[in-house]
Amino acid sequence: MRRLVRRYRALPIRARLAMLVAAAVAFAVAAVSVTCWFIVQRKLYDQVDADLRKAWQPQHLNDVVGALATCPQKPSQSNLGILRNNGNYYYVELVKRNGTACVSSSSAGRVLTTSSDTGVIASSSDDAVQRNGTDSDGHAVRVLTAPLTVTQGFGNPPELYPGTALLVAIPLRNTQNTLNDLALILLLVSGIGVVGAGAAGLAVARAGLRPVDKLTDAVEHVARTEDLSVRIPVDEDSEDEVARLSRSFNSMTTALASSRDMQQQLIADAGHELRTPLTSLRTNIELLTRSEETGRPLPPEDRKALLASVKAQMSELASLIGDLQELSRSEGQRGERVEVVSFQDAVESALHRARLRGPELTIAADLKPWFVRAEPSALERAVVNILDNAVKFSPEGGTVEVQLSEGVLTVRDHGRGIPADELPYVFDRFWRSPSARALPGSGLGLSIVARTIQQAGGEVTLAWAEGGGTVATVRLPGAATAPPEAV
């Protein structure tokens with residue numbers, strides 16, 4: 001059984017569907033055919049029983065009495081098989097209490113008696129009994145046995161023939177032939193129906209699974225060639241499972257293609273950005289190594305400057321690598337750490353770090369409570385990046401104004417501002433204003449800010465501030481009070 005199940009599971013889906021359809025139709029056809037056969041059989045036997053009840057007429061009583069007097073064991077050859085109604089020859093016997101059968105001279109043959117026939121005599125009822133039996137030649141017959149009383153229509157009192165029963169039988173050859181022909185016809189029709197159902201099931205399965213075949217071919221093509229531009233044609237009005245699966249596949253390949261393009265762009269940009277500090281590091285290290293190899297040490301001031309440059313470049317590399325790791329984190333990794341966060345606390349923590357980096361600046365803050373759903377560390381880092389930009393581009397002794405009210409955070413500096421033609425690019429990866437390329441930074445800070453805020457369901461913008469400088473605006477959905485589960 002397990003082997004059959006394994007073989008069935010190994011078949012293609014269309015073959016399994018065809019087999020299931022054929023099996024279902026076979027079961028239904030078999031049930032209908034068997035039911036039909038039994039109904040026809042019952043009707044035919046009812047007709048035979050009706051013919052048996054009409055088989056013996058009162059005018060043949062002399063034959064019956066004569067059979068009882070002489071009790072012959074076989075019919076008279078000269079009078080054998082009197083033709084009765086419906087073209088059937090009847091068997092007529094009188095059965096005694098001891099089971100002895102007295103065959104009528106007009107009988108078509110002798111029927112073998114059974115205990116059910118003598119049971120009719122022993123019974124006090126005058127009800128007839130029908131059964132299937134055989135004659136002395138082994139032919140099938142339908143038998144009716146009843147007590148020989150006045151209820152049989154002979155016009156004699158019951159005591160005329162005590163302890164005697166009348167047996168009338170009719171051959172079942174025609175009935176059995178009819179049933180056999182019906183069984184053959186039903187078998188042929190059932191076989192044709194099952195084969196047709198299997199063929200129809202296979203055709204339907206092929207037609208229904210054709211979109212799945214296309215999907216399979218597309219998946220195999222993607223796996224073989226890594227071509228993510230493949231799309232499966234889908235009827236936009238269709239809402240069935242195959243159409244939904246095709247749309248999901250198209251969405252998946254689109255997302256994968258976009259992700260791969262972004263990865264390639266990130267790798268290319270990262271390689272470009274890493275090349276400059278690495279080249280500078282290699283040059284400085286080669287100068288230090290050459291001075292040691294040639295035995296001509298560098299002046300202390302030059303050596304100190306080279307080491308400071310190496311340290312700064314290493315810090316820049318570390319910052320760049322950290323930013324790249326932050327950008328490479330998947331959406332699933334971020335979603336696992338999302339929780340209700342106090343936006344006010346995140347801003348206050350970022351302000352503390354910003355004041356350490358720009359002690360000569362004045363940072364004025366006005367913060368109102370606000371709670372959002374975000375990743376705590378990512379949200380704080382986004383605010384730190386915004387404040388770092390404000391500190392970096394503020395003039396010495398300048399002021400940075402920070403305000404948080406109803407989920408809107410504004411950070412305004414009083415620096416030289418960002419030109420209007422550069423504003424569309426400020427959130428691109430590795431983009432740096434030409435006037436700011438001499439300053440430290442990887443060009444990823446604002447890109448990380450935009451991604452973090454978008455993942456929290458908000459938006460961030462940079463604009464030219466009235467009176468000079470730049471104003472960064474962050475909007476996050478939330479509430480002024482923490483939800484009960486966060487308390």
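Start counting the sequence shown at 1; every next residue gets the next number (UniProt numbering). All residues carry an ideal CB built from backbone N, CA and C; glycine is no exception.
Inset, instruction - Within 10 angstroms of the Cβ of H221, are there 16 or more other Cβ atoms? Answer buried if so, exposed if not. - result: On the sequence shown, position 221 is the one that residue 221 refers to. It is exposed - the Cβ of H221 has fewer than 16 other Cβ atoms within 10 Å.
Legend entry - Same chain, Cβ closer than 7 angstroms to T118, neighbours up to 5 away in sequence not counted: Residue 118 sits at position 118 when you count from the first residue of the sequence shown. Hits under 7 angstroms: V95, R97, G99.
Legend entry - Buried/exposed call for G468, threshold 16 Cβ in 10 Å: The residue given as residue 468 occupies position 468 in the sequence shown. Under this definition G468 is an exposed residue.
Legend entry - Proximity to D181 [Cα-Cα], best of V219, R475, S33, Q47: As a working note, residue 181 is residue 181 in the sequence shown. Nearest option by C-alpha distance: S33.
Legend entry - L462 to H414 span [Cα, whole Å]: The sequence position of residue 462 within the sequence shown is 462, counting from 1. The sequence position of residue 414 within the sequence shown is 414, counting from 1. About 14 angstroms.
Inset, instruction - Return the Cβ separation of Y90 and A169 in integer angstroms, given the expectation that the two are a contact with Cβ distance under 8 angstroms. - result: Looking up residue 90 in the sequence shown gives position 90. Looking up residue 169 in the sequence shown gives position 169. With 8 angstroms as the limit, Y90 and A169 qualify as a contact, their Cβ atoms being about 7 angstroms apart.
Inset, instruction - Would you give the residue range spanned by the beta strand (DSSP E) that A146 belongs to? - result: Here the question's residue 146 lines up with position 146 in the sequence shown. 140-147 is the span of the beta strand (DSSP E), which, as asked, contains A146.
Inset, instruction - Take every Cβ of the segment 205-215, pair it with every Cβ of the segment 14-28, and state whether three or more of those distances are shorter than 8 angstroms. - result: yes
Legend entry - Boundaries of the beta strand (DSSP E) in which D366 is found, first to last residue: Counting from 1 along the sequence shown, the entry for residue 366 is found at position 366. It spans 362-367 - the beta strand (DSSP E) in which D366 sits, taken as one unbroken run.
Inset, instruction - Answer yes or no: do V341 and V384 have a C-beta to C-beta separation smaller than 8 angstroms? - result: The residue you call residue 341 lines up with position 341 of the sequence shown. The residue you call residue 384 lines up with position 384 of the sequence shown. Result no, Cβ atoms of V341 and V384 do not sit closer than 8 angstroms.
Legend entry - N-terminal and C-terminal residue of the alpha helix (DSSP H) that K392 is part of: Indexing the sequence shown from 1 puts residue 392 at position 392. Its alpha helix (DSSP H) spans residues 376-392.
Inset, instruction - Could you check the C-alpha separation between E391 and A354 for me, to the nearest Å? - result: Taking the sequence shown and counting its residues from 1, one reaches residue 391 at position 391. Taking the sequence shown and counting its residues from 1, one reaches residue 354 at position 354. Residue identity check: residue 391 is Val in the sequence provided, not Glu. Approximately 7 angstroms, taken between the alpha carbons.
Legend entry - Sequence-distant residues of its chain with Cβ nearer than 7 angstroms to V147 (five each side left out): Here residue 147 is taken as the residue at index 147 of the sequence shown, counted from 1. The amino acid occupying residue 147 in the given sequence is Pro; Val does not appear at that position. Excluding sequence neighbours, P147 sits near V120, I121, D126, A165.
Inset, instruction - Check the DSSP bridge columns for K214 and list the partner residues they point to. - result: Counting from one through the sequence shown, the residue named residue 214 turns up at place 214. BP columns for K214 are empty, so no partner.
Inset, instruction - Measure the Cβ-Cβ separation of G445 and N389 and say whether it is below 8 angstroms. - result: Taking the first residue of the sequence shown as 1, we reach residue 445 at position 445. Taking the first residue of the sequence shown as 1, we reach residue 389 at position 389. Taking 8 angstroms as the Cβ cut-off, G445 and N389 qualify as a contacting pair.
Inset, instruction - Flag this pair as yes or no: are the beta carbons of T279 and F393 separated by less than 8 angstroms? - result: Here residue 279 corresponds to residue number 279 of the sequence shown, with the count starting at 1. Here residue 393 corresponds to residue number 393 of the sequence shown, with the count starting at 1. No; because the gap between Cβ atoms is not below 8 angstroms, this pair is not in contact.
Inset, instruction - Measure the C-alpha to C-alpha separation of V347 and A312 and round it to an integer number of angstroms. - result: Mapped onto the sequence shown, residue 347 falls at position 347. Mapped onto the sequence shown, residue 312 falls at position 312. Taking the straight line from one Cα to the other gives about 28 angstroms.
Inset, instruction - Answer yes if the segment 39-51 comes into contact with the segment 219-235, meaning at least three C-beta pairs across the two stretches below 8 angstroms, and no otherwise. - result: no
Inset, instruction - Sort out for me which residues DSSP pairs I170 with in a bridge. - result: Start at 1 with the first residue of the sequence shown, and residue 170 comes out as number 170. According to DSSP, I170 bridges with R142.
Legend entry - Which of helix, strand or coil DSSP assigns to D127: Taking the sequence shown and counting its residues from 1, the one referred to as residue 127 is at position 127. In this structure, D127 counts as coil in the three-state DSSP scheme.
Legend entry - Classification of L356 by the beta-carbon crowding that lies within 10 angstroms, buried from 16 upward: If you number the sequence shown from 1, residue 356 lands on position 356. With fewer than 16 other Cβ atoms within 10 Å, it is exposed.
Legend entry - Cβ pair V402, A378 closer than 8 angstroms: Working through the sequence shown from its first residue, we reach residue 402 at position 402. Working through the sequence shown from its first residue, we reach residue 378 at position 378. No, these two residues do not count as a Cβ contact at 8 angstroms.
Inset, instruction - Determine contact between the segment 124-144 and the segment 186-202, defined as no fewer than three beta-carbon pairs at a distance below 8 angstroms. - result: no
Legend entry - Other residues of its chain near G345: CB distance less than 8 angstroms, five sequence neighbours each side excluded: Translated into positions along the sequence shown, residue 345 becomes position 345. This sequence places Asp at residue 345; Gly is not what is there. So the list is empty, once near-sequence residues are dropped.
Inset, instruction - May I ask which residues mark the beginning and end of the beta strand (DSSP E) holding E401? - result: Indexing the sequence shown from 1 puts residue 401 at position 401. That run of the beta strand (DSSP E) goes 399-405.
Legend entry - Distance cut-off 7 angstroms: L186 Cβ against heavy atoms of the ligand MG: In the structure shown, the ligand MG is absent, as is every other ligand, since no ligand is present at all.
Inset, instruction - Compare the C-alpha of L202 against each of A255, A23, V103 and name the closest. - result: Here residue 202 corresponds to residue number 202 of the sequence shown, with the count starting at 1. The residue with the shortest Cα to Cα distance from L202 is A23.
Inset, instruction - Could you name the residues of the same chain whose beta carbon sits closer than 7 angstroms to that of P483, not counting the 5 residues immediately before and after it, in chain order? - result: As a position in the sequence shown, residue 483 is number 483, starting the count at 1. Closer than 7 angstroms at Cβ, skipping near neighbours: V340.
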